[in-house]
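Under this note's numbering, the first residue of the sequence shown is numbered 18, with each subsequent residue one higher.
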Amino acid sequence: MTTTGASGGRPEAQPGGTDGALTEPVAATGQSGDSGGSPPTAPAQPPRQAADEGDEPRESFGSIVAETLGLAPGSSRRRRVVTLLVMMAIAFVAVFRDTLIDYVMIKSSVAKENESNTQYDANKVPFTVSVQPEEDEPLEWAMVLDRKLTPDETRELVARNNDRSGAFSYLKELGARPLVHTATMEYAPERYKQQMLSSNSGTFADVFRMHIMSTRSSAVVINGWKVTDITCRKSIAQTIVEVPPQGGGVYEGLQLHIPPLAGEPVLADDIEGQGEPYFSTRYVEVGGGQSSSGFKVQAIGPSGQSCEWGIKVRYTDSYQNTRWVQLKDKKGKTLRIRTESPPLDATQRWVFIVDPWRLCDLTPETLMPGKEKCVQ
Numbered sequence: 018m019t020t021t022g023a024s025g026g027r028p029e030a031q032p033g034g035t036d037g038a039l040t041e042p043v044a045a046t047g048q049s050g051d052s053g054g055s056p057p058t059a060p061a062q063p064p065r066q067a068a069d070e071g072d073e074p075r076e077s078f079g080s081i082v083a084e085t086l087g088l089a090p091g092s093s094r095r096r097r098v099v100t101l102l103v104m105m106a107i108a109f110v111a112v113f114r115d116t117l118i119d120y121v122m123i124k125s126s127v128a129k130e131n132e133s134n135t136q137y138d139a140n141k142v143p144f145t146v147s148v149q150p151e152e153d154e155p156l157e158w159a160m161v162l163d164r165k166l167t168p169d170e171t172r173e174l175v176a177r178n179n180d181r182s183g184a185f186s187y188l189k190e191l192g193a194r195p196l197v198h199t200a201t202m203e204y205a206p207e208r209y210k211q212q213m214l215s216s217n218s219g220t221f222a223d224v225f226r227m228h229i230m231s232t233r234s235s236a237v238v239i240n241g242w243k244v245t246d247i248t249c250r251k252s253i254a255q256t257i258v259e260v261p262p263q264g265g266g267v268y269e270g271l272q273l274h275i276p277p278l279a280g281e282p283v284l285a286d287d288i289e290g291q292g293e294p295y296f297s298t299r300y301v302e303v304g305g306g307q308s309s310s311g312f313k314v315q316a317i318g319p320s321g322q323s324c325e326w327g328i329k330v331r332y333t334d335s336y337q338n339t340r341w342v343q344l345k346d347k348k349g350k351t352l353r354i355r356t357e358s359p360p361l362d363a364t365q366r367w368v369f370i371v372d373p374w375r376l377c378d379l380t381p382e383t384l385m386p387g388k389e390k391c392v393q
């Protein structure tokens, strides 16, 4: 039985087999050029993309970031860049917030600490002063003692006839106080020499060392000096042992009289400026890394008298403070300095006479002609 083509071009099923079931026609294996085969089937088409997948263009990274930051679509590039920079800055601050806070706090803390240290330094005592009698033996000296030497002490002193240094040490052990002969001030101005000649001062001076110390971290400059509160009385010393001067004497440091002459204290050094007011061209600096300074002072009291006196000094510091202060001792009391001249009516007087050196008893009752008692 022959078949006829269906209207759609596909062969109709035909009955085959013994049971009369419909069977599909066998697909033609020939090509289009095979006159005996059926036409070829159309190739399978790939699946069509959904309308929302292929029709929209791809979004850029910048668009996605802008949308994430909440910018409206179509915003200008400049606005996007500015917004991005702002967000990056916010993120930076968020990440390094603690570090930034610590940095700001450290700067503030350092500034406060520096201010506190400055205030603490400014409130410190500007300097402290200690005064000590000269301990070294001068070349020419006199020792004064408030009592007479006993016979045993006299023998001990005489035994040191050829040992002036030994006599000096022995008298110090007995409590005698050393004095020095005043400096000649050969190169001092004439006006100062005239003041010295017209004063009622003795020919001996007390010598002491003044030490000035400061714990301030900034400099303190001492540039003025005043003698204050002078009290004098007759010397009560009874014994003098003396090595007389053998020419002019020169001392380093300062010299002043009690009461002071005009311009004192003056420079006593044998250099240019001798006899000139010390603080007119010089100053003393302590603090700021220089913990201490000082000088030697020879104070000349009235003849035959013992005096006590105080000192005021003027200082200027790094905080623009300029003040006069009364010096105090280590106990906080007003500093009192003693200056003594040998008595005019000593009970005992011993003198080392040169060429050859010998110790002579010049006690007043022995000072009749030919009555000097000298150790031979």
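Even for Gly, the Cβ is constructed at its ideal location relative to N, Cα and C. Being a predicted model, the structure only gives us computed values, none of them experimental.
- Task: Any chance you could list the alpha helix (DSSP H) runs of at least 4 consecutive residues sitting entirely within the region 274-331, in chain order?
- Result: As far as the region 274-331 is concerned, its whole alpha helix (DSSP H) runs of at least 4 residues are 295-298.
- Query: Counting only beta-carbon atoms, is L166 nearer than 9 Å to chain D?
  - Reply: The structure shown contains no chain D, having only a single protein chain.
- Query: Rounded to whole angstroms, how far is the Cβ of L271 from the Cβ of L284, which I believe are closer than 8 Å?
  - Reply: Along the sequence shown, read from residue 1 onward, the residue named residue 271 stands at position 254. Along the sequence shown, read from residue 1 onward, the residue named residue 284 stands at position 267. Going by Cβ atoms, the distance from L271 to L284 rounds to 7 Å, so yes, they are a contact pair.
- Message: Looking at the secondary structure, which residues open and close the alpha helix (DSSP H) in which L188 lies?
- Response: Looking up residue 188 in the sequence shown gives position 171. Per DSSP, L188 belongs to the alpha helix (DSSP H) from R181 to E190.
- Task: Report the residue from R353, N338, T100 and T135 whose alpha carbon sits nearest the alpha carbon of N240.
- Result: Against the sequence shown, residue 240 aligns to sequence position 223. The residue with the shortest Cα to Cα distance from N240 is N338.
- Task: Could you tell me which of T298, I317 and I229 sits nearest to M213, measuring between CA atoms?
- Result: Mapped onto the sequence shown, residue 213 falls at position 196. Its Cα nearest to that of M213, the residue I317 stands out among T298, I317 and I229.
- Task: May I have the straight-line CA-CA distance separating Q343 from I370, to the nearest angstrom?
- Result: Within the sequence shown, residue 343 is the residue found at index 326, counting from 1. Within the sequence shown, residue 370 is the residue found at index 353, counting from 1. Their Cα atoms are separated by approximately 44 Å.
- Item | Sub-9 Å separation of I328 and T245 beta-carbons | For the purposes of this step, residue 328 is identified with residue 311 of the sequence shown, where counting begins at 1. For the purposes of this step, residue 245 is identified with residue 228 of the sequence shown, where counting begins at 1. Taking a C-beta distance under 9 Å as the contact criterion, I328 and T245 qualify as a contact pair.
- Query: Anyone know if the C-beta pair for K347 and T199 falls short of 9 Å?
  - Reply: Working through the sequence shown from its first residue, we reach residue 347 at position 330. Working through the sequence shown from its first residue, we reach residue 199 at position 182. No, they are not a contact pair.
- Cα-Cα separation, D378 to R181: Residue 378 sits at position 361 when you count from the first residue of the sequence shown. Residue 181 sits at position 164 when you count from the first residue of the sequence shown. Roughly 15 Å separates the two Cα atoms.
- Taking DSSP as the reference, what is the three-state secondary structure of I253? If you number the sequence shown from 1, residue 253 lands on position 236. Here DSSP, grouped into helix, strand and coil, assigns I253 to coil.
- Message: Can you check which of these residues, E190, A139 and G219, is closest to E357 by C-alpha distance?
- Response: Looking up residue 357 in the sequence shown gives position 340. Of the listed residues, the one whose Cα sits closest to E357 is G219.
- Query: So what does DSSP say about S218, is it helix, strand or coil?
  - Reply: To locate residue 218, count along the sequence shown from 1; it is residue 201. Looking at S218 - three-state DSSP - the assignment turns out to be strand.
- Does the Cβ-Cβ distance between S335 and M230 come in under 9 Å? Residue 335 sits at position 318 when you count from the first residue of the sequence shown. Residue 230 sits at position 213 when you count from the first residue of the sequence shown. Here S335 is not near M230, since their CB atoms are 9 Å or more apart.
- Item | alpha helix (DSSP H) segments (min. 4 residues) lying fully within the region 136-210 | Complete alpha helix (DSSP H) runs here, min 4: 168-175 and 181-190.
- Item | Collapsed DSSP secondary structure at L352 in the structure displayed | Position 335 of the sequence shown, counted from the first residue, corresponds to residue 352. In this structure, DSSP gives L352 a state outside helix and strand, which the three-state scheme calls coil.
- Item | Boundaries of the beta strand (DSSP E) in which T339 is found, first to last residue | The residue you call residue 339 lines up with position 322 of the sequence shown. Annotation: the continuous beta strand (DSSP E) that includes T339 extends over T339 to Q343.
- Task: Measure the beta-carbon distance from P143 to A254 and round it to whole angstroms, keeping in mind my assumption that it falls under 8 Å.
- Result: Looking up residue 143 in the sequence shown gives position 126. Looking up residue 254 in the sequence shown gives position 237. Your pair P143 and A254 does not check out as a contact, with CB atoms roughly 37 Å apart and the cut at 8 Å.
- K248 - DSSP class collapsed to helix/strand/coil: Numbered from its first residue, the sequence shown carries residue 248 at position 231. One point to set straight first is that residue 248 is Thr, not Lys, in the sequence displayed. The answer is strand: DSSP assigns T248 an E or B state.
- Taking DSSP as the reference, what is the three-state secondary structure of A236? Residue 236 sits at position 219 when you count from the first residue of the sequence shown. DSSP places A236 in the strand class (E or B) of the three-state scheme.
- Item | Neighbourhood of K345 by C-beta, 7 Å cutoff - its chain only, sequence neighbours within 5 removed | Position 328 of the sequence shown, counted from the first residue, corresponds to residue 345. Excluding residues within five positions, the ones whose Cβ falls inside 7 Å are T351 and L352.
- Message: Tell me the residue span of the beta strand (DSSP E) that contains V368.
- Response: For the purposes of this step, residue 368 is taken as residue 351 along the sequence shown, with counting starting at 1. DSSP places V368 in the uninterrupted beta strand (DSSP E) bounded by Q365 to I370.
- Compute the beta-carbon to beta-carbon distance between G311 and M227, rounded to the nearest angstrom, for a pair I have assumed lies under 8 Å. Indexing the sequence shown from 1 puts residue 311 at position 294. Indexing the sequence shown from 1 puts residue 227 at position 210. Confirmed, about 5 Å.
- Message: Is the separation between the beta-carbon of L188 and that of L174 shorter than 9 Å?
- Response: Counting from 1 along the sequence shown, the entry for residue 188 is found at position 171. Counting from 1 along the sequence shown, the entry for residue 174 is found at position 157. For L188 and L174, yes; Cβs fall inside 9 Å.
- Message: On the DSSP bridge list, what partners appear for G241?
- Response: Here residue 241 corresponds to residue number 224 of the sequence shown, with the count starting at 1. According to DSSP, G241 bridges with R331.
- Query: Would DSSP call L271 helix, strand or coil?
  - Reply: One-based indexing of the sequence shown puts residue 271 at position 254. In the three-state reduction of the DSSP assignment, L271 falls in the strand class.
- Message: Just to confirm my understanding: we take W158, look at its own chain, exclude 5 residues before and 5 after, and list those with CB closer than 7 Å. What are they?
- Response: For the purposes of this step, residue 158 is taken as residue 141 along the sequence shown, with counting starting at 1. Non-local beta-carbon contacts of W158 in its own chain, meaning distances under 7 Å to residues more than five positions away in sequence, involve F185, P195, L196, V197 and V260 in chain order.
- Message: Considering only their Cβ atoms, is the gap separating T364 from T256 smaller than 9 Å?
- Response: Taking the first residue of the sequence shown as 1, we reach residue 256 at position 239. Taking the first residue of the sequence shown as 1, we reach residue 364 at position 347. Yes. Within cutoff.
- Please list, in chain order, all residues of the same chain as D164 whose beta carbon is under 8 Å from its beta carbon, the five residues on each side excluded. As a position in the sequence shown, residue 164 is number 147, starting the count at 1. It should be noted that the sequence gives Arg, not Asp, for residue 164. Closer than 8 Å at the Cβ level, and outside the excluded window around R164, lie Q255 and T256.
- Message: Quick check on DSSP: helix, strand or coil for D362?
- Response: Position 345 of the sequence shown, counted from the start, is the residue given in the question as residue 362. DSSP, reduced to helix, strand and coil, places D362 outside both helices and strands of the structure shown, so it counts as coil.
- Message: Applying the 10 Å Cβ sphere with the 16-neighbour rule, what's the burial state of M104?
- Response: Within the sequence shown, residue 104 is the residue found at index 87, counting from 1. By the C-beta density criterion, M104 is exposed, having fewer than 16 other C-beta atoms within 10 angstroms.
- Message: If you reduce the DSSP assignment to three classes, tell me which class D346 lands in.
- Response: Within the sequence shown, numbered from 1, the residue matching residue 346 stands at position 329. The DSSP-derived three-state label of D346 is coil.
- Query: Given K243, which residues of its chain have a CB within under 6 Å of its CB, disregarding the five upstream and five downstream residues?
  - Reply: Locating residue 243 in the sequence shown gives position 226, where the first residue counts as 1. Contacts found: K329.
- Task: Could you work out which residue in Q211, A176, Q307 and T201 is closest to A279 when comparing CA atoms only?
- Result: As a position in the sequence shown, residue 279 is number 262, starting the count at 1. Of the candidates Q211, A176, Q307 and T201, the one whose C-alpha sits nearest the C-alpha of A279 is Q211.
- Does the Cβ of Q291 have 16 or more other Cβ atoms within 10 Å, making it buried, or fewer, making it exposed? As a position in the sequence shown, residue 291 is number 274, starting the count at 1. Buried, because 16 or more other Cβ atoms sit within 10 Å of the Cβ of Q291.
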